[in-house]
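Some notes on the structure that comes next.
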């Protein structure tokens with residue numbers, strides 16, 4: 001399978017590149033500047049593209065089977081996430097390429113809170129992550145109304161941290177997955193496993209889903 005990854009230098013994107021490569025896929029890493037190319041594995045094709053330019057990334061997506069968007073704006077520019085995702089969706093439509101989008105947990109319901117979401121539950125989020133949570137909520141709302149491209153939207157659990165690749169996770173739909181101790185988490189490595197699984201299987205077309213331990 002030919003896969004292009006946008007945001008390939010990020011915490012999630014870099015792990016997705018490694019996971020897809022380990023499964024024998026042909027991987028292209030798309031980065032925003034030439035100085036980012038040096039950290040990409042030698043076995044991966046590379047290109048420089050402005051993810052905010054649908055024409056550029058339409059050309060980049062062409063001849064790929066699936067595009068993965070692991071884009072995350074830097075702190076202070078969280079509002080750019082919606083426009084970047086819109087650009088990816090429009091390019092996916094133009095190139096007729098299925099896309100898997102790394103979302104946020106903001107829109108997921110929190111168990112035991114009478115229907116509150118991660119974003120709306122009082123005191124659930126630290127103040128410092130509220131801006132990206134709001135951006136992820138708007139990102140999901142954009143995807144949920146975009147009917148002109150095949151997309152899947154993967155929400156992380158409450159905690160997404162570097163860790164081990166176990167290859168195991170549970171799948172949910174619109175509610176945070178929590179373990180027996182009430183923790184909602186997954187390693188970035190296993191989150192990448194779930195992303196590449198969705199890339200291969202297309203199990204959640206035009207739907208949001210989430211994973212966790």
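In the working numbering, the protein residues as written are 1 to 213.
For every residue, glycine included, the Cβ atom is placed at its ideal position computed from N, Cα and C.
> Can you give, in chain order, each stretch of the beta strand (DSSP E) that sits fully within the segment 13-47 and has at least 3 residues?
Replying inline: 26-31
> For the 8 Å Cβ check, are there 3 or more pairs between the segment 109-120 and the segment 80-90?
Replying inline: no
>> Can you list, in chain order, the residues of its chain with a C-beta nearer than 8 Å to that of residue 167? Leave out the 5 residues immediately preceding and following it.
In response: 190, 193
> Where does residue 3 fall in DSSP's three states?
Replying inline: The DSSP-derived three-state label of residue 3 is strand.
> Does DSSP put residue 153 in a helix, in a strand, or in coil?
Replying inline: Strand.
> residue 215 to residue 205, Cα distance in whole Å?
Replying inline: This structure cannot speak to residue 215, because the chain is shown only from 1 to 213.
>> Short of 6 Å in beta carbon distance, which residues of its chain neighbour residue 95, apart from the five on each side in sequence? Order them along the chain.
In response: 58, 61, 62
>> Once DSSP output is grouped into helix, strand and coil, what is the label at residue 199?
In response: helix
>> Any heavy atom of the ligand MN closer than 7 Å to the beta-carbon of residue 64?
In response: Here there are no bound small molecules, and the ligand MN is not part of this structure.
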